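K.L.:
Residue numbers (the working numbering): 32 to 524.
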């Protein structure tokens with residue numbers, strides 16, 4: 032920088048005044064009162080590292096091209112020897128190959144019980160566990176749960192092993208320090224520090240997504256390792272990362288300890304999970320649906336279908352009900368319900384609160400077992416009613432026809448369904464906006480049963496006269512009773 036004479040004189044004068052001020056009133060530099068040291072986790076790491084293990088898994092991988100065949104060449108072909116050698120090598124390569132992968136885990140019982148991820152050991156033909164003292168032990172699979180990506184292993188040590196314990200993950204707060212220990216890229220015994228950066232993350236990995244998000248470095252090989260709070264309690268099991276590059280970019284996900292505890296206990300006791308089952312198909316309550324049902328703010332889980340027979344059906348719960356509380360726990364959004372029900376003991380009698388046509392009602396449900404209920408649900412149908420009178424109406428931008436046997440055959444509609452079938456949808460209509468399609472079957476409109484097309488028009492007229500902005504339709508997508516859903520369609524574009 033270049034100074035001009037006048038500017039230089041002003042600068043010197045200012046320095047002189049500043050010097051006089053310093054001489055007259057000496058001051059001391061003071062550190063900011065709010066400055067804090069970052070926490071040291073050295074002692075904590077020393078204590079916890081011995082309970083974290085490296086897991087090596089062997090799997091068999093088949094040859095990707097088992098059907099490649101030797102071409103039929105004449106004996107005097109100059110290429111015959113070449114192809115013979117080539118396909119001889121190919122035949123050898125078709126034998127299953129042994130592949131090795133790495134992961135992490137942690138010891139929860141001194142007798143040799145280890146928790147890890149299901150995807151770490153899936154398809155394993157052999158599993159080995161390396162302890163912090165470099166001892167290697169063969170492990171056997173106790174049980175696994177793909178829905179939460181949790182598995183339990185057992186080893187047989189010659190002496191009691193160091194352990195860690197689960198903490199209360201519900202008390203983990205955003206911004207709280209956490210520490211991850213694991214085996215990233217096979218390096219073993221690696222410690223990383225970060226914070227809880229988000230809670231209740233849904234990453235579409237399974238029906239019970241409720242992940243803790245952390246910026247503690249988690250990489251390939253960390254899967255199955257523990258996420259600790261600064262008390263040394265396991266608050267999560269590191270299971271996934273978001274990474275365009277394949278390495279840590281500061282977004283990792285852990286299964287909450289409170290989810291894992293129940294699963295681990297069941298795997299240890301039964302070798303499998305035994306989750307609660309309600310016997311309903313649910314969907315989210317959107318703003319339009321909430322308005323159609325008179326709920327005010329969107330909340331709860333809307334029942335699109337009830338499995339018959341099933342716990343909800345036996346208790347008197349119906350399609351169209353909105354579950355807002357289960358066993359004393361609030362259901363604020365749809366994805367809360369599967370998790371709460373799954374955590375409930377099979378056979379328990381629990382109270383359930385629903386909203387039905389704007390009124391709160393209470394039921395008592397005996398919780399079934401999900402693993403049994405899934406078999407029942409596969410065989411169940413839905414719908415009831417009487418044969419429809421052939422009628423055609425044009426409403427909400429769609430053509431709706433009373434369901435007949437000819438239409439049932441044409442659109443391959445399930446035998447159990449009755450109502451009105453959609454035969455045409457205008458491209459710019461309110462029905463098209465909600466993805467109503469040809470072949471869909473409307474079984475309810477305005478929370479009332481539809482026996483034919485005239486019922487759909489009547490319900491639309493009633494909603495219009497009542498000053499409503501939309502009408503709620505119960506639709507079997509593509510005529511399948513297994514895919515029932517509520518759709519709130521606006522009355523006007």
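Cβ coordinates follow ideal geometry from the N, Cα and C atoms, glycine included. These numbers come from a predicted model, not from an experiment.
1. Do residue 295 and residue 88 have their C-beta atoms closer together than 9 angstroms?
2. Find the nearest neighbour of residue 75 within the set 259, 189 and 365, judged by alpha-carbon distance.
3. I need the straight-line Cα distance from residue 452 to residue 461, nearest angstrom please.
4. For residue 385, which beta-bridge partners are listed by DSSP?
5. Less than 8 angstroms between the CB atoms is what I'm expecting for residue 70 and residue 261, so what's the real figure, rounded?
6. Could you compute how far the alpha carbon of residue 343 sits from the alpha carbon of residue 349?
7. How long is the line joining the alpha carbons of residue 141 and residue 79, rounded to whole angstroms?
8. Look up residue 169 in the DSSP assignment and give the residues it is bridged to.
9. Can you check DSSP and say which residues form a bridge with residue 147?
10. Could you give the distance in angstroms between the alpha-carbon of residue 358 and the alpha-carbon of residue 382?
11. Within a Cβ cutoff of 7 angstroms, which residues of the same chain sit near residue 412, ignoring the five residues on either side of it in sequence?
12. Going by DSSP, name the residue or residues bridged to residue 515.
13. Work out the CA separation of residue 354 and residue 308 for me, nearest whole Å.
14. DSSP state of residue 479, grouped into three classes?
15. Among 476, 182, 232 and 222, whose alpha-carbon lies nearest the alpha-carbon of residue 172?
16. Pull up the DSSP beta-bridge partners for residue 312, would you.
17. Identify whether residue 79 lies in helix, strand or coil by the three-state DSSP scheme.
18. From residue 374 to residue 332, what does the alpha carbon distance come to, in whole angstroms?
19. Quick check: the Cα distance between residue 314 and residue 351, rounded to an integer number of angstroms?
20. Three-state secondary structure (DSSP) at residue 152?
21. With DSSP as the reference, please indicate the residues paired to residue 85 in a beta bridge.
22. Answer with yes or no whether the minimum CB distance from residue 139 to chain D is below 9 angstroms.
23. Which same chain residues end up closer than 7 angstroms to residue 518 when comparing Cβ atoms and leaving out the 5 residues on each side of it in sequence?
24. Assuming residue 240 contacts residue 233 under a Cβ cut-off of 8 angstroms, what Cβ separation, rounded to an integer in Å, is found between them?
P.N.:
Quick answer:
1. no
2. 259
3. 17 angstroms
4. 354 and 392
5. 6 angstroms
6. 8 angstroms
7. 14 angstroms
8. 159
9. 182
10. 5 angstroms
11. Annotation note: pLDDT 44 at residue 412 (below 50); position unreliable, no value reported.
12. 507
13. 14 angstroms
14. strand
15. 182
16. 336
17. helix
18. 17 angstroms
19. 10 angstroms
20. helix
21. 135 and 161
22. Checking the listed chains, one finds no chain D in this structure; it contains a single protein chain.
23. 465, 467, 504 and 506
24. 4 angstroms
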